[in-house]
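What follows is one structure encoded as structure tokens, with my remarks underneath.
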Amino acid sequence: MECNLQYGLSTKLIGYVMAGVLLTSAAIGMLRVQNERGSLNKLIDEVGQSVATATASGAASLVVGYDYGNLEILAANVAKQANVIRVTIRNKDGCLMTQSIG
Numbered sequence: 001m002e003c004n005l006q007y008g009l010s011t012k013l014i015g016y017v018m019a020g021v022l023l024t025s026a027a028i029g030m031l032r033v034q035n036e037r038g039s040l041n042k043l044i045d046e047v048g049q050s051v052a053t054a055t056a057s058g059a060a061s062l063v064v065g066y067d068y069g070n071l072e073i074l075a076a077n078v079a080k081q082a083n084v085i086r087v088t089i090r091n092k093d094g095c096l097m098t099q100s101i102g
């Protein structure tokens, strides 16, 4: 039994158009995902930087006042935040003053 399938010109044209639309849509989708990924990474970096800046500001006043107990509490509280993995506070020589893991 021989199966001879013959498609008309209009069927082939519709197939090519659908394939072109599918490929174009996939390419546009990939470009949009890449653009959003870049924006999201930038936003995450900015949030992390603002948390680090606020923590450093609070830690500086505690170090000046030799309040190391509250420095440890500050590190522990910041480490409890959902987007923080670890807080490490070092002095100007790089020696560890306190560290807390979230």
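Note that the working numbering numbers the sequence shown so that position 14 is 14, with each residue one more than the last. Idealized CB from N, CA, C, for every residue including glycine.
Rounded distance between the beta-carbons of residue j and residue i, thought under 8 Å
i	j	result
A75	S100	4 Å
A59	I89	5 Å
A79	G102	4 Å
Local Cβ density within 10 Å of residue i, reported as buried at 16 or more and exposed below that
i	result
L62	buried
I85	exposed
A82	exposed
L71	buried
Option nearest residue i by Cα separation, candidates the options
i	options	result
K92	V47, G69, A56	A56
N77	M30, A19, L23, T98	T98
Span of the alpha helix (DSSP H) around residue i
i	result
V84	Unbroken run through V84: none, as it is neither H nor E.
Y16	9-64
Other residues of its chain near residue i: CB distance less than 6 Å, five sequence neighbours each side excluded
i	result
L96	R90
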